[in-house]
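Undergrad: Pasting in a structure now, in structure tokens, and then I'll have a few things to ask.
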Amino acid sequence: YELHIYDTNGDDVTEELNVEADEATIKVTPIAIEITAESATKVYDGEALTKDSYKITSGAFVGDEGFETVTVEGSQTEVGTSDNEITDYSFKTNTKEDNYTVTKKLGTLEVLPYEGTIIVDLEGGEFPYDSEEHQGTATVTGVPEGYEYTITVTNEPVVDVEDGTKTVTYELHIYDTNGDDVTEELN
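Mapping of the sequence shown onto the working numbering: residues 47 to 233, in sequence order.
See below:
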């Protein structure tokens, strides 16, 4: 620094005085920005859960400086959880990268079990002898919208009195919108 002291006549008298000054420094420090991939939850439907968004959870950009793009990647299809992750970002052209430190935080994608109940209604019956085959029937309700299913009654038919009483049995398969068998993942 340079210091000059003037008397009332405007003369520089700096050299004639005993001046003491402390040293000082000045420094600009970066702003800490924390960005977090957003989380999402849904009930199992056979479709991938994604959430391509983020939030600034700490700090703020100055003026109109900021991110040009932020890439968030994650996917969860089956029941369970996985990370939703910020994999890349870029700054606007008016933003000096050195003025900011960026910390990335994970989000969570969670697929919950199907909450509905799929009901298989089995019907048998008693039939007087007529030499015809008699078999039970099965109807299904509660299958998620857009899903397909097949149900097959699997017991042997009853024709004669000597065939006795048979329990109606079935085999059920439920297919999601991709055609995948998801019977085990549903209630």
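For glycine and all other residues, C-beta sits at the position ideal for the given N, C-alpha and C. Everything numeric in this text was worked out from a predicted model, so none of it was measured.
Cutting at 7 Å between CB atoms, please list the residues of its own chain near Thr-183, excluding the five before and the five after it.
TA: Glu-169 and Val-199
Undergrad: Near Asp-14, which residues of its chain fall below 7 Å by C-beta distance, leaving aside the five closest residues on each side in sequence?
TA: This structure gives no information on residue 14, because the portion of the chain shown stretches from 47 to 233.
Undergrad: Between which residues of its own chain and Ile-79 is the CB-CB distance below 8 Å, once the five residues before and five after are set aside?
TA: Ile-102, Ser-104, Gly-105, Ala-106, Phe-107, Tyr-146, Thr-147, Val-148 and Thr-149
Undergrad: Does the beta-carbon distance from Ile-165 to Leu-232 come in below 8 Å?
TA: no
Undergrad: Do we get a CB-CB distance below 8 Å when we pair Glu-169 with the residues of chain B?
TA: This model lacks chain B altogether, as it is built from one protein chain only.
Undergrad: Taking the DSSP output, what are the residues bridged to His-50?
TA: Per DSSP, none; premise fails for His-50.
Undergrad: How many whole angstroms separate the CB atoms of Thr-223 and Glu-93, which I take to be in contact at a CB cut-off of 8 Å?
TA: Contact holds; Cβ gap of about 6 Å.
Undergrad: Around the C-beta of Ile-132, are 16 or more other C-beta atoms found within 10 angstroms, so that it is buried, or is it exposed?
TA: With 16 or more other Cβ atoms within 10 Å, it is buried.
Undergrad: Do Ala-43 and Leu-152 have their C-beta atoms closer together than 8 Å?
TA: With the chain represented from 47 up to 233, any question about residue 43 goes unanswered, as that position is not in the structure.
Undergrad: Do you know offhand how far Gly-203's Cα is from Ile-220's?
TA: As written in the sequence, residue 203 is Pro, which differs from the Gly given in the question. A straight-line Cα-Cα distance of about 25 Å links Pro-203 and Ile-220.
Undergrad: Just verifying my parser: in three-state terms, what is the DSSP assignment at Val-116?
TA: strand
Undergrad: What did DSSP end up calling Asp-227 once you bin it into helix, strand or coil?
TA: In the structure shown, Asp-227 adopts extended strand secondary structure according to DSSP, grouped into three states.
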